[in-house]
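Q: Residue numbers (my numbering): 28 to 654. No residue lacks a Cβ here, since even glycine has one placed at the ideal position from N, Cα and C.
1) In whole angstroms, what separates the C-alpha of residue 655 from that of residue 427?
2) Taking the Cβ atom as the reference point for each residue, do residue 65 and residue 193 lie within a distance shorter than 8 Å?
3) Starting from residue 75, trace the alpha helix (DSSP H) in both directions and tell me its first and last residue.
4) Which residue's Cα is closest to the Cα of residue 360: 310, 222, 411 and 316?
5) Are the CB atoms of residue 600 and residue 567 within a distance shorter than 8 Å?
6) Throw me the rounded Cβ distance for the residue 326 and residue 388 pair, which I believe falls under 8 Å.
7) Between 145, 57 and 43, which has its C-alpha nearest residue 276's C-alpha?
8) Taking the alpha-carbon positions, what's the residue 549 to residue 490 distance?
9) Let me know the secondary structure DSSP gives residue 172 once reduced to three states.
10) State buried or exposed for residue 55, treating a residue as buried only when at least 16 other CB atoms are found within 10 Å of its CB.
11) Under the three-state reduction of DSSP, which class applies to residue 317: helix, strand or coil?
12) Can you name the start and end residues of the alpha helix (DSSP H) that residue 641 belongs to?
13) By the three-class DSSP mapping on this structure, what secondary structure does residue 471 have?
14) Closer than 7 Å by C-beta to residue 285: which residues in its own chain qualify, once you throw out the five before and the five after it? Chain order, please.
15) Could you tell me the distance, in whole angstroms, from the CA atom of residue 598 to the CA atom of residue 565?
16) Thinking residue 395 and residue 342 are a contact (beta carbons under 8 Å), I'd like their distance in whole angstroms, please.
17) Looking at C-beta atoms only, is the number of pairs between the segment 126-136 and the segment 144-160 that lie closer than 8 Å three or more?
18) Reducing DSSP to helix, strand and coil, say where residue 396 ends up.
19) So, using beta-carbon positions, are residue 372 and residue 230 closer together than 8 Å?
20) Thinking just about the alpha-carbon of each residue, which of 33, 214 and 541 is nearest to the one in residue 563?
21) Are there three or more Cβ pairs, one per stretch, closer than 8 Å when the segment 506-526 is compared with the segment 616-633?
22) Have a look at 292, 539, 244 and 44 and flag the residue whose alpha-carbon is nearest the alpha-carbon of residue 358.
23) So for residue 534, helix, strand or coil by DSSP?
24) With DSSP run on the structure shown, which of helix, strand or coil describes residue 151?
25) Over what stretch of residues does the alpha helix (DSSP H) that includes residue 108 continue unbroken?
26) Quick check: the Cα distance between residue 34 and residue 316, rounded to an integer number of angstroms?
27) Is the segment 603-615 close to the segment 478-485, with three or more CB pairs under 8 Å?
28) Here's the rule: buried if 16 or more other CB atoms are within 10 angstroms of the residue's CB, otherwise exposed. What is residue 218?
29) Could you give the DSSP three-state label for residue 480: helix, strand or coil?
30) Could you tell me whether the segment 181-195 touches the segment 80-87, where touching means 3 or more Cβ pairs closer than 8 Å?
31) Give the secondary structure of residue 49 by DSSP, where H, G and I count as helix, E and B as strand, and everything else as coil.
32) Please state whether DSSP places residue 227 in a helix, a strand or coil.
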């Protein structure tokens, strides 16, 4: 966290100075906005938090409930989401209150006494160390609380407009072409309707999305005709793994996915209720809590479970659906989109893989910076088409994974060709549910892999995987990626060559070009703004930190910031001799440039000498650079 560069801060440094639309933000929902977000679920709230960092953009997020979410259905927080929380500034705090999953136990029928279950395996949750962040369990409501805090502390002072529901929309002409009809759901004016005009509308309004219906998008897929009872409970039990994540399969085909919850007492169980007839017409959802508990005790035998308190419960049928498109453009390329859908509005699946909230968060992160850049004039409107192109592929991959995982969880152990198939699938696919298999295809914001070998450990299109380095200014060991905030900036990581400090080296020449060339992406930075306002440039040297003379480091890596134009010393790093990032991430010793998007995905890898190629890449991303 950086502060004091605007002068001494005596209060909470997480509260940014109000700016732009945050200086006189109206209490009431205005008639005209730049972006109207429908729904404060994980996707919508992440999008709103990201857009809150753009002071000149009027963003409002509506919610049909009268206040904040108190109990959410989702609870699994994958490591990729925790990386995202780090960018928004609350990873450490949510880790402290969450339950941490480090391993998963597998229980199956005892071969000698199949009416009983026995533990057959315990698998590590992250066998390859794919992230420095953990896999967590914490209620969705708390995740949203943290994002609400980010919004409230942002320059725009954004907060939800509760008590409004979406009725319909029409797309016309003009600067604010989308007319949205809303209805009041609470208060003395309940039932009253009004119209808000917006430049863009985003529907994060759940599986029964009215925004999806309004743009004519359709869910594709079907139910699996299998039901589960889920309950968050306090209970007495002699089951020995009650505080460990478990997959439990019984002799009669019933199964339980057991997940300990935060706070050390509460836990969640997904209890298999079996196949559902096609003509059930939702009657399985009337299954009582007592019936779910009885089924859980059958599966857990010889152990018993006595529920003392039910915090939340539901019965649901597994369904796997992906919407045919994630925006309002029927014929891709015919025009730029004006309406988007995210989260459950465009992909639904089972809850047992712990993916719904996590994928939804990435939907919001992906779209947020793109809307911000377009509305601020940093990028052309064509950038917005990449949202549907990128996220629809991710959603389909999720459905395919979840269909396999759900079928394995529901299968009888004696019907499997390999009795260890469930645990093998869990271990072998660990990178996917953790959120790290997403790989965006080449586009206007993802380069080709021509120079990938220069930094093999930073695959283009995949998330930027952080690694320990040493900060030169003070010798502190830090993670390179943890300094990157969700502030809408591109990152340019310069990995210096072996002679990086020498006058006339490729590293110095590249730095000079960045600082002075008209084709440099930094040349697009608005007059009067800090030099790193749009592009955050960092350098990593191969030398030990004490051998890096700050006086020889080019100024572009030590920019001046704030109204007093003081030097930012925290952009110069050195490899840790005990854990060298060049070796760990396969960075060529001749040096390399790694370009990272505002949502933390690697956009390009280039040689230090490929300055024209870097200029051309950014010219395709931003009209300001192209001009």
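A: The relevant details are as follows:
1) Residue coverage of the chain in this structure runs from 28 to 654, which leaves residue 655 outside it and unanswerable.
2) Yes, the Cβ-Cβ distance between residue 65 and residue 193 is below 8 Å.
3) Here the alpha helix (DSSP H) through residue 75 covers 69-78.
4) Comparing alpha-carbon positions, the option among 310, 222, 411 and 316 lying closest to residue 360 turns out to be 411.
5) Annotated as proximal: residue 567 and residue 600, with beta-carbon spacing under 8 Å.
6) Not a contact, Cβ separation roughly 32 Å.
7) The shortest Cα separation from residue 276 among 145, 57 and 43 belongs to 145.
8) The alpha-carbon atoms of residue 549 and residue 490 are separated by roughly 23 Å.
9) Of the three classes helix, strand and coil, the one that applies to residue 172 here is helix, per DSSP.
10) Under this definition residue 55 is an exposed residue.
11) Assignment of residue 317 by DSSP, reduced to helix, strand and coil, places it in the helix class.
12) Note, residue 641: alpha helix (DSSP H), 638-648.
13) DSSP places residue 471 in the coil class of the three-state scheme, outside both helix and strand.
14) Only 272, 273, 275, 294 and 296 meet the Cβ criterion.
15) Going by the C-alpha atoms only, they are around 5 Å apart.
16) Contact between residue 395 and residue 342 is absent: CB atoms are separated by about 34 Å, not below the 8 Å threshold.
17) With a cut-off of 8 Å, the segment 144-160 and the segment 126-136 count as touching, because enough Cβ pairs lie within range.
18) Looking at residue 396 - three-state DSSP - the assignment turns out to be helix.
19) Annotated as proximal: residue 372 and residue 230, with beta-carbon spacing under 8 Å.
20) Ranked by how close their Cα comes to the Cα of residue 563, the residues 33, 214 and 541 have 541 in first place.
21) With the cut-off at 8 Å, the segment 506-526 and the segment 616-633 touch.
22) That would be 244, whose Cα lies nearest to the Cα of residue 358.
23) Here DSSP, grouped into helix, strand and coil, assigns residue 534 to helix.
24) It is a strand residue.
25) Here the alpha helix (DSSP H) through residue 108 covers 106-115.
26) Cα atoms of residue 34 and residue 316: separation of roughly 58 Å, rounded to the nearest angstrom.
27) As far as the Cβ criterion goes, the segment 603-615 touches the segment 478-485, which means the pair count is three or higher.
28) Exposed.
29) Secondary structure of residue 480 (DSSP, three-state): helix.
30) Yes, the segment 181-195 is in contact with the segment 80-87.
31) In this structure, DSSP gives residue 49 a helical state, which the three-state scheme calls helix.
32) In this structure, residue 227 counts as strand in the three-state DSSP scheme.
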